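Residues 34 to 219 in the numbering used here are what the sequence shown lists, from first letter to last.
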Amino acid sequence: MELTYSNQLSGFDPGKRYRNPEHFDKPEADVTSVLVIGDWPSVVDAYKAAGIDVSVKEVTQVRVVGGNQGELEELIGKLRIESDAIRTLVDGLEAGEIEKPAAGELAIRLYDALDHIRIQVSELAGKRDEFAAENGQLREEIEALKAGQGQEVEELKAKLDAAGVTYRANASKESLEKLVAELSKA
Numbered sequence: 034m035e036l037t038y039s040n041q042l043s044g045f046d047p048g049k050r051y052r053n054p055e056h057f058d059k060p061e062a063d064v065t066s067v068l069v070i071g072d073w074p075s076v077v078d079a080y081k082a083a084g085i086d087v088s089v090k091e092v093t094q095v096r097v098v099g100g101n102q103g104e105l106e107e108l109i110g111k112l113r114i115e116s117d118a119i120r121t122l123v124d125g126l127e128a129g130e131i132e133k134p135a136a137g138e139l140a141i142r143l144y145d146a147l148d149h150i151r152i153q154v155s156e157l158a159g160k161r162d163e164f165a166a167e168n169g170q171l172r173e174e175i176e177a178l179k180a181g182q183g184q185e186v187e188e189l190k191a192k193l194d195a196a197g198v199t200y201r202a203n204a205s206k207e208s209l210e211k212l213v214a215e216l217s218k219a
């Protein structure tokens, strides 16, 4: 497979496969040749080390007319810092532990939002545990009531058996109480 590494935003050839070199971490499998557009030595070196044929196409720097080159370079620097901070934050999330970024407005805002979510999830987990404990206590109380009611039902059945009164095997406590009450009337 032929692969092109470029950070272009448009002008893609639909018959080619592209990758953004800013996100490069290792050579891809099944690649037979690579075209690197721009100055991306880590991409070039990695594919050459893997024995893959690599071609490099230089990109000419474009000067913006009417803009202050220093301001643009400063803006690009800030964007790179922001991008690096967000990448570090995402890497931390994937590893399961994150630290508050020292720079990058968006990265810091994202961290704060994630921290707020973490706190809310922690509170929900606490409430869930409280409900589970209450649920367990209620189940124990219900079982105790059933056990006590079962003893009362057995006593009622014993009285009816002694009197020779027939009843359904699955009769409710209330129906057994009515039958016992009728015994005392007779």
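Ideal Cβ positions, reconstructed from N, Cα and C, are used throughout, including at glycine.
Here the structure is a predicted model, which means the values were calculated and not measured.
With a 10 Å radius around the Cβ and a threshold of 16 neighbouring Cβ atoms, L122 comes out buried.
Contact between the stretch 129-147 and the stretch 158-176 is absent: fewer than 3 CB-CB pairs across the two stretches fall below 8 Å. For R52 against Y38, the beta-carbon gap comes to about 5 Å, under 8 Å, which counts as contact.
In the three-state DSSP reduction, L189 falls in the helix class (H, G or I). At the C-beta level, V64 and L36 come within 7 Å of one another. Bounds of the beta strand (DSSP E) holding K90 are 86-90. Going by C-alpha positions, F164 is about 12 Å away from E156. The beta carbon of I85 lies closer than 8 Å to those of P60, V64, T65, S66, V67 in the same chain, with the five residues before and after it left out. Note on G137: 16 or more other CB atoms within 10 angstroms of its CB, so buried under the neighbour-count rule. Remark: C-beta atoms of V87 and Y80 approach each other more closely than 7 Å.
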